[in-house]
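**Student:** My questions will all concern the structure given below.
2 protein chains.
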Amino acid sequence: MSPRPVSIIGIGQMPVERASARSLRELGADAIRQALADAGVERVDALFAGNMLADELQGQKHLAALLADEAGLRGVEALHVRAATASGAAALRMAYLVVASGEADLAVAVGAEKMSEGGAVPALAKALDAEQEVPRGASLIGRNAELMRLYRERYHCPEDAFVNFPVVAHANARHNPNAVFREMRATPRTVLASRVIYPPLRLFDCAPICDGAAAVVLAPREQARAYTEHAVNLLASSVATDRFRLDDRRDSLRLEAARLSAQAAFRRANVNVNDIDLFELHDAFSIMACLLLEAAGFAAPGDGWRLAAEKAIGLRGRIPIATFGGLKARGHPIGATALYQAAEIVLQLTGRAGRNQVRAARIGMMQSVGGAASTVITHLFGV
Amino acid sequence: MSPRPVSIIGIGQMPVERASARSLRELGADAIRQALADAGVERVDALFAGNMLADELQGQKHLAALLADEAGLRGVEALHVRAATASGAAALRMAYLVVASGEADLAVAVGAEKMSEGGAVPALAKALDAEQEVPRGASLIGRNAELMRLYRERYHCPEDAFVNFPVVAHANARHNPNAVFREMRATPRTVLASRVIYPPLRLFDCAPICDGAAAVVLAPREQARAYTEHAVNLLASSVATDRFRLDDRRDSLRLEAARLSAQAAFRRANVNVNDIDLFELHDAFSIMACLLLEAAGFAAPGDGWRLAAEKAIGLRGRIPIATFGGLKARGHPIGATALYQAAEIVLQLTGRAGRNQVRAARIGMMQSVGGAASTVITHLFGV
């Protein structure tokens, strides 16, 4: 049996901020209401929430029902879905499944995260192995630093190999009203002069800690045009896992979960890597952006950094990434991030990206990374 | 579009224990392997994990990918689904959706919880409202105590009105090798003499803190018979929410989410309450069992306790509940509980319940409650 085709019919994005005046529930409910208003609907059948840190930061373990209540969606199905730092994409996949199965006709996927309330970094480390890695001091930042060091050693790339990842992201964030760093410029010089966070990672290699919420509304493709002129088709949704720990993988620079989920999504949508017009990837760290470009097949292993060096990742380049600033400069409120990515792809594919518009964008790809790429989730969108 | 019909083709249950020698990941992986072996499959396309407390108790926020790795399921889709204390049922619903949609042909829903590692009770309170309830001292036990007090006041039921809920549960647990209390007897006298935990709740009105894991394997109904003689159809899966806080509801003794999700499930399966042969309900507290019987329509409001008093809830009664001991006496390792319930219903409907067999059982119902019934999830099974 083929899944029922599904489209995105509405989007909502709250501004990403270092510290929002809104509470987590207010952020989430406002994003939901904005997405419903954009879709022209007052109600949905189901709500799926993405969030990683509320257990520790807000003391909340029942977030989906809370957000449904806060948004005034009485009686609705509401569940919380997680895959560590890929939790927003997990919520999108579930919303896709409930509509694709025929169990619901309207669903909202919402992501919300409020990291400014303290303790985010130790809670983020819980994406790793609590028995084998964390007790030995492992953190997400440390794991990405190891990958970057290994990459540099193996491929002997120049000192400034990764510099254009943040430079492009910050340039694209300038015209995104929801970006946390819309006021901040980054040049190769400022990137290379920024302080070292965890060698060899510099400040500009890392996405910031911030607050935000975003949402998208899904409907069956055959009904989408009745709701909006701006519908975008969800061509594929795919989740894959790798050996959980980096240390257990044959080659930690080959992101197997990213490769598997990209290949499955390409097959499902009947496209190949050359058909992708833009790629909202998980640039929580510059090295992760580079490795994802390689895993999906945009570059050979060891060549991902060249796409940045050659500015092929810019809005006019061969494979634009982070077109509204990415995790680096739009910001990375963890569980919300994938819903921002999805909303941005919708804007691109419907020609509403303004000064950030990628020309003739017809197929958009998005990937979200859980932990040290133990989970990778791919979605493909098309018009 | 109608969802593709789905069946359960394999089950796995680890013994529920006060403190297991196995780690959380070992419990989960063992339950998965047992369910796969029971189904006669070596691999699944997707894994959905239910768990509520690992963030705090095991420091683990990326559990689904970890369990997939531990169980040797390389590359598989793996996501973690939650609805507080109903998290196991949330995982079952997602596994249902992935197969019903046609996105996967084989999925496993696994629940695992290890509560013996300390701090479970404060973490459980995070099922309530962290801003409005918990700072005022609310807990899940306290909320259920309030419901019981209100019920007693409104309906003037006798002192021993609820006593048969634990008596029946403990009697049924005696022949369940996986029950935590298979050695413990309960009589009306011992129940009424047990210590008060939170007035008017006595020890025997409350499910215990314990460790456990269970899993079920799902496949398309049309393929189920190729795998096993013991397939059971998943007739309906339904989630509903209520106003999040008890205080915001018109009548806190009417469990609106339970009513809504039961009614939706009955409609989907084209059955009514009189067709249900057994009901694995969420008897975390005696009062919750009583209110769920009323919400689903087995008794009028105020009459749920009479079903217990009249022993209509026994194995030979009109509506058997907790047929293998229920949450009260099989045990309630939170995120695993619904998968035990599902496995037990499979045993009942396939005539493999041994001394606990409900005669001529053809349709089984199961409900899981998130928090103070802010979320209720209903599943119906049939042969």
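Respectively, the protein sequence lines represent chains A and B. If you're matching positions, the first sequence starts at 12 in our numbering and goes up one per residue. If you're matching positions, the second sequence starts at 12 in our numbering and goes up one per residue. Think of the CB as a built atom: it goes at the ideal place given N, C-alpha and C, for glycine as much as any other residue.
1) How many angstroms separate the CA atom of residue 392 of chain B from the CA atom of residue 55 of chain B?
2) Return no unless some Cβ of chain B is closer than 8 Å to the Cβ of residue 14 of chain A.
3) Mind checking if residue 54 of chain A is an interface residue toward chain E, Cβ cutoff 8 Å exclusive?
4) For residue 255 of chain A, decide whether its Cβ has a neighbour in chain B, counting only Cβ atoms nearer than 8 Å.
5) For residue 269 of chain B, collect the residues of the same chain with a Cβ closer than 7 Å to its Cβ; drop the 5 residues on either side in sequence, then sort them by chain order.
6) From residue 93 of chain A to residue 364 of chain A, what distance separates their C-alpha atoms?
7) With hydrogens ignored, establish whether the beta-carbon of residue 258 of chain A is closer than 7 Å to any heavy atom of the ligand SAH.
8) Looking at C-alpha atoms only, which residue of A:149, A:337, A:166, A:21 is the closest neighbour of residue 47 of chain A?
9) Going along chain B, which residues have a C-beta under 8 Å from residue 145 of chain A?
10) Helix, strand or coil, according to DSSP, for residue 90 of chain B in the structure here?
11) For residue 76 of chain B and chain A, any beta-carbon pair shorter than 8 Å?
12) Please list the partners that residue 385 of chain B has in chain A, where partner means a Cβ-to-Cβ separation under 8 Å.
13) What number of angstroms, rounded off, separates the C-alpha of residue 252 of chain A from the C-alpha of residue 104 of chain A?
14) Below 8 Å on the Cβ atoms is my guess for residue 72 of chain B versus residue 70 of chain A; work out the distance and round it to an integer in Å.
15) Leaving out five residues on either side along the sequence, give the residues of the same chain with a beta carbon under 7 Å from the beta carbon of residue 257 of chain A.
16) Tell me the DSSP bridge mates of residue 291 of chain B?
17) Measure the Cβ-Cβ separation of residue 216 of chain A and residue 177 of chain A and say whether it is below 8 Å.
18) If you check the beta carbons only, do residue 111 of chain B and residue 17 of chain B fall under 8 Å apart?
19) Report yes or no: do three or more beta-carbon pairs, one from the segment 162-181 of chain A and one from the segment 315-323 of chain A, lie closer than 8 Å?
20) Which of the three DSSP states, helix, strand or coil, is assigned to residue 157 of chain B?
21) Work out the CA separation of residue 372 of chain A and residue 204 of chain A for me, nearest whole Å.
22) In the DSSP assignment, the alpha helix (DSSP H) including residue 177 of chain A goes from what residue to what residue?
23) Report the neighbours of residue 130 of chain B on chain A: residues whose CB is nearer than 9 Å to its CB, in chain order.
24) Helix, strand or coil: how does DSSP classify residue 357 of chain B here?
25) Would you tell me roughly how many angstroms separate the C-alpha atoms of residue 131 of chain A and residue 222 of chain A, rounded to the nearest one?
26) From the DSSP output, read off the bridge partner residues of residue 59 of chain A.
27) Once you ignore the five residues that flank residue 254 of chain B on each side, which residues in its own chain have a CB closer than 7 Å to its CB?
28) Opposite residue 231 of chain B in the DSSP bridges: which residues?
29) Could you say if the segment 322-336 of chain B and the segment 186-200 of chain B meet the contact criterion of at least three C-beta pairs nearer than 8 Å?
30) In the DSSP assignment, what residue or residues form a beta bridge with residue 213 of chain B?
31) Where residue 244 of chain A and residue 191 of chain B are concerned, what is the direct C-alpha to C-alpha distance, given to the nearest angstrom?
32) Under a three-way DSSP split, which group does residue 72 of chain A fall into?
33) Closest to residue 99 of chain B by C-alpha separation, out of B:368, B:332, B:124, would be which residue?
34) Helix, strand or coil for residue 387 of chain B? Go by DSSP, reduced to three states.
35) Give the secondary structure of residue 28 of chain A by DSSP, where H, G and I count as helix, E and B as strand, and everything else as coil.
36) Looking only at its own chain, which residues have a Cβ that is under 6 Å from the Cβ of residue 276 of chain A, when we skip the five neighbours before and after it?
**Tutor:** To lay it out plainly:
1) Cα-Cα distance, rounded: 21 Å.
2) Output row for residue 14 of chain A: interface = yes.
3) Included in the structure are the protein chains A and B, with no chain E among them.
4) At least one C-beta of chain B is nearer than 8 Å to the C-beta of residue 255 of chain A.
5) Take residue 269 of chain B, set aside five residues on each side of it, and the residues of its chain with a beta-carbon closer than 7 Å to its own are 303, 306, 307, 378, 384, 387, in chain order.
6) So the two alpha carbons sit approximately 29 Å from each other.
7) By its list of ligands, the structure shown contains no ligand whatsoever, and the ligand SAH lies outside what it can speak to.
8) The shortest CA-to-CA distance from residue 47 of chain A to any of A:149, A:337, A:166, A:21 is the one to A:21.
9) In chain order: 70.
10) Residue state, collapsed to three classes: strand.
11) So, interface residue.
12) 73, 76, 77, 80, listed in chain order.
13) For residue 252 of chain A and residue 104 of chain A, the distance between alpha carbons rounds to 15 Å.
14) Residue 72 of chain B to residue 70 of chain A, Cβ: 15 Å. No contact.
15) These residues qualify, in order along the chain: 154, 263, 383.
16) The partner list for residue 291 of chain B (beta bridge, DSSP) reads B:377.
17) Against a cut-off of 8 Å, the Cβ pair of residue 177 of chain A and residue 216 of chain A comes out as a contact.
18) Yes. Within cutoff.
19) For the pair of segments examined, the segment 162-181 of chain A was found to touch the segment 315-323 of chain A: the number of CB pairs separated by less than 8 Å reaches three.
20) It is helical.
21) Rounded to the nearest whole angstrom, the C-alpha separation of residue 204 of chain A and residue 372 of chain A is 35 Å.
22) Note, residue 177 of chain A: alpha helix (DSSP H), 175-184.
23) Under a criterion of Cβ atoms nearer than 9 Å, no residue of chain A is adjacent to residue 130 of chain B; the nearest Cβ is some 12 Å distant.
24) If DSSP states are grouped into helix, strand and coil, residue 357 of chain B belongs with the helices.
25) Their backbone Cα atoms lie some 11 Å apart in a straight line.
26) DSSP, once it has assigned bridges, lists A:90, A:120 as partnering residue 59 of chain A.
27) The beta carbon of residue 254 of chain B sits closer than 7 Å to the beta carbons of 260 from its chain, once the five residues preceding and following it are set aside; these are given in chain order.
28) Beta-bridge pairing by DSSP links residue 231 of chain B to B:17.
29) By the Cβ rule, the segment 322-336 of chain B counts as touching the segment 186-200 of chain B, because three or more pairs are nearer than 8 Å.
30) Residue 213 of chain B is bridged to B:207.
31) Spanning the alpha carbons of residue 244 of chain A and residue 191 of chain B requires a straight line of approximately 49 Å.
32) Of the three classes helix, strand and coil, the one that applies to residue 72 of chain A here is coil, per DSSP.
33) Ranked by how close their Cα comes to the Cα of residue 99 of chain B, the residues B:368, B:332, B:124 have B:124 in first place.
34) Note: residue 387 of chain B maps to strand in three-state DSSP.
35) Reduced to three states, the DSSP call for residue 28 of chain A is strand.
36) The residues are 247, 249, 389, 391.
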